[in-house]
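Have a look at the structure below before the remarks.
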Amino acid sequence: MAKAHIKEIEILKQDLSSLHIAVIGDVMIDRYINGTAHRISPEAPVPIILQKQIFDKPGGASNVAANLKSMGCKVSLIGLAGKDENAAILEKLLQNSACDWIYLLTDPGRPTTLKTRVMAEGHQITRIDVESEEPVSSSIQGQALLKLEELFTADKPEVLILQDYNKGLLHQEWIGKILHLAKKYGVKTAVDPKKKNFFEFHLVDLFKPNLKEAVQQYPYPFKGLNQLPELLTI
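The C-terminal residue of the sequence shown carries number 543 in the working numbering, and the numbering is unbroken.
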């Protein structure tokens, strides 16, 4: 990396160090199984992977929180896990990420979201997902809103990021409640939306889909980047 770019990153980190950013959304474990393609299986036309390494990283909203922390921000995180062995793994990953405040809701009726990627020589062979997309109960909604208001009262962040991966924590019934609460306390909001709740974030200050997500919502054939101004008005 060029020295000029390194200097710019250091300046950015200094600017971010004074910010307190809260993240609420779908936390998960990103698991990687690395190996080598050993041979083709006699049972099916698929490669046999000789496992060399396995490791876990915080994924989804927890990855966003960890990245913000690595950039120098003060970070608070609210997420959801199941009541299973992967919840303990996720909790340890979050503790290792050094986030300043973590509240992990528990739903015994769902698994902790886990995405396992099988890799061989740097290429992804397959991905195995363990998850539920069912909306959380009103009881869990209430717990999350209560904790969010406690955070806003005790140590108000400048920004709240809603990180949606359609895994049930953020859904139509209470996205508006979160945004109204943030407005009440003067907290700026930003969202990284997914398809299911794309049009539910009416009160958000910063709406940031990626290009693929935005194109999926465009009602006409998308022919190129020259249509971006139209895309921004949907």
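Note that the Cβ used here is the ideal one computed from N, Cα and C, for glycine as well.
Closest to Ala346 by C-alpha separation, out of Glu458, Leu515, Gly431, would be which residue?
What you label residue 346 is simply residue 37 of the sequence shown in a count that begins at 1. Of the listed residues, the one whose Cα sits closest to Ala346 is Gly431.
Less than 8 Å between the CB atoms is what I'm expecting for Leu328 and Cys382, so what's the real figure, rounded?
Against the sequence shown, residue 328 aligns to sequence position 19. Against the sequence shown, residue 382 aligns to sequence position 73. Indeed, because the Cβ distance is near 5 Å, the residues count as touching under 8 Å.
What residues in its chain sit with their C-beta under 6 Å from that of Ile551, if we drop five residues either side in the sequence?
In the structure as shown, the chain begins at 310 and stops at 543. Residue 551 is therefore absent and cannot be evaluated.
Since Val427 is in the beta strand (DSSP E), which residue starts that stretch and which ends it?
For the purposes of this step, residue 427 is identified with residue 118 of the sequence shown, where counting begins at 1. 423-429 is the extent of the beta strand (DSSP E) around Val427.
Distance check for Leu454 and Ile487, CA to CA, integer angstroms please.
Position 178 of the sequence shown, counting from 1, holds the residue named residue 487. Position 145 of the sequence shown, counting from 1, holds the residue named residue 454. Answer to the nearest angstrom: the Cα atoms are 7 Å apart.
How would you call Val355, buried or exposed, if buried means at least 16 neighbouring beta carbons within 10 angstroms?
Here residue 355 is taken as the residue at index 46 of the sequence shown, counted from 1. Burial call: exposed.
Taking only three categories from DSSP, how would you classify His329?
Residue mapping note: residue 329 aligns to position 20 of the sequence shown, counting from 1. If DSSP states are grouped into helix, strand and coil, His329 belongs with the strands.
Suppose you measure from the CA of Ala397 to the CA of Val439; what does that come to, to the nearest Å?
Taking the first residue of the sequence shown as 1, we reach residue 397 at position 88. Taking the first residue of the sequence shown as 1, we reach residue 439 at position 130. Cα-Cα distance, rounded: 15 Å.
Do Thr415 and Gly369 have their C-beta atoms within less than 9 Å of each other?
Numbered from its first residue, the sequence shown carries residue 415 at position 106. Numbered from its first residue, the sequence shown carries residue 369 at position 60. Contact flag unset, no.
Within 10 angstroms of the Cβ of Asp464, are there 16 or more other Cβ atoms? Answer buried if so, exposed if not.
Within the sequence shown, the letter at position 155 stands for residue 464. With fewer than 16 other Cβ atoms within 10 Å, it is exposed.
With a CB to CB cut of under 7 Å and the five nearest residues on each side skipped, what residues in its chain are close to Gln362?
Along the sequence shown, read from residue 1 onward, the residue named residue 362 stands at position 53. Here the set comprises Asn343.
What residue from Gly451, Leu478, Glu467, Ile358 has the CA that sits closest to Tyr341's CA?
For this step, residue 341 is matched to residue 32 along the sequence shown. If we check each option's Cα against that of Tyr341, Ile358 comes out closest.
Using 8 Å as the Cβ pair cut-off and three pairs as the minimum, do the segment 371-380 and the segment 442-461 touch?
Not touching, per the Cβ criterion.
Are the beta-carbon atoms of Asp339 and Tyr474 separated by less than 9 Å?
Your numbering for residue 339 matches position 30 in the sequence shown. Your numbering for residue 474 matches position 165 in the sequence shown. Their beta carbons are not under 9 Å apart, which means Asp339 does not touch Tyr474 by this criterion.
For the ligand PLP, I want to know if Val513 counts as a neighbour, meaning its beta carbon is within less than 8 Å of at least one of the ligand's heavy atoms.
In the structure on display, the ligand PLP does not appear, and there are no ligands present to speak of.
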